[in-house]
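**Student:**
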Amino acid sequence: MTNFKSLGINDTIIDHLQKRGITEPSPIQTKVIPSIIDGKDVIAQAQTGTGKTYAFALPIVQKLKKDADYIQALIVSPTRELAIQISAEIEKVKPDYAEVLTAYGGQDVEKQLHRMKDNISIVVATPGRLIDYMKRGQIKLDRLNVIVLDEADQMLHIGFLEEVKYIMRRTPKTRQTLMFSATISDDIKMLAKKYMINAEYMTVEKKQGPAATVEQFSMHTTDRAKQGTLMTLIKTYQPFMAVVFCRTKRRVSKLYEVLRNNGFDCRELHGDLSQAKREQVMKDFRNAKFPILIATDVAARGLDIDGITHVFNYDIPADAESYVHRIGRTGRAGMEGAAITFYSSDDRETLDMIEQDLGITITKMQQLKKTDDNPEQAVKPKTDHTKRKPGFRAGQKAKSGQGRKKQHSGEAKGKQDRNSSSKPKDGAKQEKSWSSKKGKRNTGSAIFKPKHSKKK
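All the letters of the sequence shown, read from the start, carry residue numbers 136 to 591 under the numbering used here.
Next up, the structure:
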């Protein structure tokens, strides 16, 4: 059986991987790592979600020179979200002496310039911001050892071909060039012919996309309006069990405080919580003691719970891999589910990249102006969610005959019931706050089906 040791990865990096539960290389890692360690140029055709970040990051980190006072590796990414994610993965396996700079639009320029006073070993950047710093003379690539063009097809699709050429022309001809792309277009072939030497071509099979039982929606909003938009959606659709994904631990905590202060029964899940606290939150959510879990991607990786009806991408996922992982929390075992992704104007490119990488079109959903103006419009799921008697609250022990039916054979025994409310009568107003004390939630709203949403 192939392992990281047999691929040429050293024990120090292997230890870092094992601490994260990574013990075996993925197919793309198995194929490309030996060639990258040998210094060869590589074109790898691989979908997001195949483990390609570590396919190039592990050998790059391993080959860093401790005493070098110049930028040794450059990774060019089409979007800021992907750049942030790549940097985060590298931070987990790099040696202490190596510094990683993440450069993308929208950052505080002065703060970034201050960071550049450090001895930077690896730069992860979007093309526009990278060229800006190159023209300022803040980033010099004249001694670069290796350059990676990640999601190369997306980079060119967005319109960064000339920027990529500009960057490549200002790197040494002796550098190693690695290109990772879901598809191989004519422009990519042109770049390979012009800037790569005897490149090795490798490919892996496409990873499975989201389950067909999950309805997917996106909603344009702003960061300032996200909180209100989320609360309106929750009040309107009253999800039985929902996971809300945020980009960082800080944003999870901030959103948790806002929702809690507005009467929503929710919990937070992130790495700053103690192990005991995280386990308790997971246990309570699995037992349906509260309906809304706000979490980071990393904290939710072990979230294998049946009965989740809704996923909200409060912050857009960095790539298709994260998107598939997030929305895979719902729509399990043939049950219907729904996922809605918030995106701002700055997130448009990332959303396009996710759609293109997965070969899907995510239905655009219009803003809901008022909860009271939007009585339940969701289609009732095929799965039978048994109605409960009025007044039954989350966390209470169900009386005989009062508990819900199993949604499928894999559901854990002894799950406690949570409240549901019948569809409001014409003219009836919905609850202004939603908490376990009020005890009224709808188990029959497993998917979004607003009348005003149209597929574009």
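For each residue, glycine too, the CB sits at the ideal point set by N, CA and C.
Predicted model, so just to flag it, every value in this text is computed and none were measured.
(1) Just list the beta strand (DSSP E) runs in the stretch 267-322, keeping only unbroken ones of 3 residues or longer that don't cross its boundaries, in chain order.
(2) Less than 8 Å between the C-beta atoms of residue 293 and residue 266, yes or no?
(3) Are there 16 or more other CB atoms within 10 angstroms of the CB of residue 307, so buried, or fewer, so exposed?
(4) Can you check DSSP and say which residues form a bridge with residue 255?
(5) Under a three-way DSSP split, which group does residue 402 fall into?
(6) Using a 10 Å radius around the Cβ and a threshold of 16 neighbouring Cβ atoms, would you call residue 511 buried or exposed?
(7) Just how far apart, CA to CA, sit residue 451 and residue 187?
(8) Quick one: give me the first and last residue of the alpha helix (DSSP H) that residue 139 is part of.
(9) If distances are taken between C-alpha atoms only, which option among 491, 457, 480, 473 comes closest to residue 185?
(10) If you run the structure through DSSP and keep just helix, strand and coil, what is residue 379?
(11) Who are the near neighbours of residue 238 in its chain, counting only those whose CB is closer than 8 Å to its CB and skipping five residues on each side?
(12) Can you tell which of 249, 254, 289, 305 has the C-alpha that lies nearest to the C-alpha of residue 270?
(13) Label residue 332 either buried or exposed according to how many other C-beta atoms from any shown protein chain fall within 10 Å of its C-beta, with 16 as the threshold for buried.
(14) Among the residues of its own chain, which have a CB less than 8 Å from the CB of residue 548, if the five just before and after it don't count?
(15) In three-state DSSP terms, what is residue 532?
(16) Would you give the residue range spanned by the alpha helix (DSSP H) that residue 363 belongs to?
(17) Looking at residue 284: is its Cβ nearer than 8 Å to the Cβ of residue 211?
(18) Report yes if the C-beta distance between residue 369 and residue 399 is below 8 Å; otherwise report no.
(19) Taking contact to mean at least 3 C-beta pairs separated by less than 8 Å, is the stretch 349-361 in contact with the stretch 493-503?
(20) Can you round the beta-carbon distance between residue 379 and residue 427 to whole angstroms, since I take them to be within the 8 Å contact cut?
(21) Assuming the contact rule is C-beta atoms closer than 8 Å, residue 449 and residue 361 should be a hit. Round their C-beta distance to whole Å, please.
(22) Can you list, in chain order, the residues of its chain whose CB lies under 6 Å from that of residue 462, leaving out five sequence neighbours each side?
(23) Contact between the stretch 187-201 and the stretch 219-231: three or more CB pairs below 8 Å?
(24) With a threshold of 16 other CB atoms inside 10 Å of the CB of residue 158, please say whether the residue is buried or exposed.
**Tutor:** Quick answer:
(1) Taken in chain order, the complete beta strand (DSSP E) segments of 3 or more residues contained in the stretch 267-322 are 281-284, 311-316.
(2) In the sequence shown, counting from the first residue as 1, residue 293 sits at position 158. In the sequence shown, counting from the first residue as 1, residue 266 sits at position 131. No; because the gap between Cβ atoms is not below 8 Å, this pair is not in contact.
(3) Looking up residue 307 in the sequence shown gives position 172. Label assigned to residue 307: exposed.
(4) Position 120 of the sequence shown holds residue 255. Answer by DSSP bridge pairing, in chain order: 234.
(5) Position 267 of the sequence shown holds residue 402. DSSP places residue 402 in strand when its eight states are reduced to three.
(6) Here residue 511 corresponds to residue number 376 of the sequence shown, with the count starting at 1. At residue 511 the pLDDT is 37, less than 50, meaning the model places this residue with poor confidence; the figure from the coordinates comes in the next sentence. Its Cβ being crowded by 16 or more others within 10 Å, residue 511 is buried.
(7) As a first step, residue 451 must be located in the sequence shown, where it is residue number 316. As a first step, residue 187 must be located in the sequence shown, where it is residue number 52. Roughly 20 Å separates the two Cα atoms.
(8) Here residue 139 refers to the residue found at position 4 when the sequence shown is read from its first residue. Start and end: 139-142.
(9) Walking along the sequence shown from the start, residue 185 turns up at place 50. For residue 185, the nearest C-alpha among the options comes from 457.
(10) Taking the sequence shown and counting its residues from 1, the one referred to as residue 379 is at position 244. Note: residue 379 maps to strand in three-state DSSP.
(11) Counting from one through the sequence shown, the residue named residue 238 turns up at place 103. Result list for residue 238: 218, 247, 258, 259, 260, 261, 264, 265, 268, 274, in chain order.
(12) For the purposes of this step, residue 270 is identified with residue 135 of the sequence shown, where counting begins at 1. Of 249, 254, 289, 305, the residue nearest in Cα terms is 305.
(13) Reading the sequence shown from its first residue, position 197 is the one you call residue 332. With fewer than 16 other Cβ atoms within 10 Å, it is exposed.
(14) The sequence position of residue 548 within the sequence shown is 413, counting from 1. Reliability of the predicted coordinates at residue 548 is poor, the pLDDT of 36 falling under 50, and no value is obtained from them.
(15) For the purposes of this step, residue 532 is identified with residue 397 of the sequence shown, where counting begins at 1. For residue 532, the predicted structure reports a pLDDT of 33, less than 50, and the residue's modelled location is therefore unreliable. A value from the coordinates is still provided. Residue 532 falls in the coil class under three-state DSSP.
(16) For this step, residue 363 is matched to residue 228 along the sequence shown. Here the alpha helix (DSSP H) through residue 363 covers 361-372.
(17) Indexing the sequence shown from 1 puts residue 284 at position 149. Indexing the sequence shown from 1 puts residue 211 at position 76. Yes.
(18) Walking along the sequence shown from the start, residue 369 turns up at place 234. Walking along the sequence shown from the start, residue 399 turns up at place 264. Yes, the pair counts as a contact, with Cβ atoms nearer than the cut-off.
(19) yes
(20) Stepping through the sequence shown from its first residue, residue 379 is reached at position 244. Stepping through the sequence shown from its first residue, residue 427 is reached at position 292. The pair is a contact, with the Cβ atoms about 6 Å apart (cut-off 8 Å).
(21) Along the sequence shown, one-based indexing puts residue 449 at 314. Along the sequence shown, one-based indexing puts residue 361 at 226. About 6 Å separates the two Cβ atoms, so the contact holds.
(22) For the purposes of this step, residue 462 is taken as residue 327 along the sequence shown, with counting starting at 1. Taken in chain order, the residues that qualify are 345, 349, 446, 474.
(23) yes
(24) Residue numbering aside, residue 158 sits at position 23 when the sequence shown is read from its first letter. Burial call: exposed.
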